Structure formats: structure tokens, C-alpha cells
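Numbering (the numbering used here), first residue to last: 2 to 174.
Here's what the structure looks like:
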């Protein structure tokens with residue numbers, strides 16, 4: 002008789018803990034959603050701030066889908082990928098830290114971690130600029146190829162693959 006009671010008690014504890022975990026997750030997501038509402042307002046229909054978010058995501062190499070000013074599934078996935086690539090908590094919701102990081106990445110003229118140097122070298126090679134071996138290392142040949150590519154596109158020739166250079170290279174990826 003003791004075993005059925007122990008089993009029942011065990012199941013009650015497991016159920017209680019799992020519900021508490023779900024409740025905790027729900028509270029975290031609600032907090033993230035509330036922070037996003039503070040930044041963007043109501044999330045329904047067209048929103049110029051969401052459109053700006055989509056443009057910035059695309060500029061730094063994360064595809065938000067159609068730039069329509071609506072916070073759809075593709076935009077959420079792009080936000081989540083960006084967060085993951087920048088070492089942020091990947092929730093898919095835009096909080097203040099995500100928004101600031103996105104602006105910093107955009108303004109720093111730097112490619113986020115997720116972008117692979119091998120992809121850059123491969124795109125350079127496809128466009129006719131020799132980056133040397135496709136090895137994921139920023140050597141003198143790769144830097145020279147980036148500068149030559151930038152010159153051909155009328156971009157600042159700094160040898161860094163920032164949002165503008167990446168956008169042009171991304172067409173060849």
C-alpha cells in the first residue's frame with residue numbers, strides 16, 4: 002500500500018515542478034514581450050519601428066523576410082539568430098539590449114559572429130577577387146581582395162566587411 006502512495010506523491014511532485022517550470026518560462030517570455038512593446042508599441046499591423054528593425058537586420062546579414070513593418074515569423078527568427086550570433090539570450094523578442102546591440106553592430110561596420118569568413122572568401126572568389134585559400138583566415142590576400150571589391154562597388158576601402166560590403170558580397174554568396 003505504501004508503494005502506490007509513494008508513486009502518487011512522486012507524480013504530484015514531478016507535475017508540480019513541471020508546471021512551475023512552464024510558469025517560469027511563461028513569465029520570462031512575458032517580460033521579454035513587455036520590453037518589446039515598450040520599444041515598438043503594439044505589435045499588430047504595420048509599424049515603422051519594426052520596419053527599421055527589419056532593415057537593420059538585413060543590413061547586418063540576418064534575413065527578416067519581406068520588409069513590411071510587421072513582426073512576423075521570419076522577423077522573429079532573424080532576431081533570434083542575431084541574438085544567438087551576438088551572444089545574447091535568444092528569445093526572438095527585441096529588448097533594449099538587443100536593440101542597442103543591433104545598432105552597435107550596424108554602426109561599428111562589423112560583421113556579426115555568425116558570418117563566416119569562409120563565406121566571405123568564397124563570395125570574393127565568385128566575384129573575381131582572389132582572397133587566396135578559402136581557409137577562414139584574414140590574411141593579406143583576403144584583406145587586399147576585400148579592398149579591391151570595395152573599390153569596385155564605390156565603397157569605403159577599409160578592408161573590413163561591414164554591413165554595406167556584406168550586402169554587396171551577399172548577392173554572390
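Idealized CB from N, CA, C, for every residue including glycine. Just so you know, these numbers come straight off a predicted model, no measurement behind them.
Item                                                                                                              : Value
Backbone CA spacing between residue 85 and residue 79 [nearest angstrom]                                          : 10 Å
The stretch 88 to 99 in contact with the stretch 36 to 44 per 3-pair CB rule at 8 Å                               : yes
Closest Cα partner of residue 32 within the set 93, 165 and 121                                                   : 93
Counted within 10 angstroms of its Cβ, other Cβ atoms place residue 109 as buried (16 or more) or exposed         : exposed
Residue 137 and residue 118 closer than 8 Å at C-beta                                                             : yes
Residue 63, buried or exposed, once every other Cβ within 10 Å from all chains shown has been counted against 16  : buried
Residues near residue 49 by beta carbon distance below 8 Å, same chain, minus five either side                    : 70
DSSP state of residue 164 mapped onto helix, strand, coil                                                         : helix
Residue 153, buried or exposed, once every other Cβ within 10 Å from all chains shown has been counted against 16 : exposed
DSSP-derived helix/strand/coil call for residue 61                                                                : coil
Test item: CB-CB of residue 107 and residue 51 under 8 Å                                                          : no
Residue 113 burial status per 10 Å Cβ neighbour count (16 or more: buried)                                        : With a pLDDT of only 49 at residue 113, under the threshold of 50, the placement of this residue in the model should not be trusted; the figure read from the coordinates follows. It is buried - the Cβ of residue 113 has at least 16 other Cβ atoms within 10 Å.
Continuous alpha helix (DSSP H) stretch holding residue 107: start and end                                        : 97 to 108
CA-to-CA distance, residue 66 to residue 140, given in whole angstroms                                            : 33 Å
Cα-Cα separation, residue 45 to residue 72                                                                        : 8 Å
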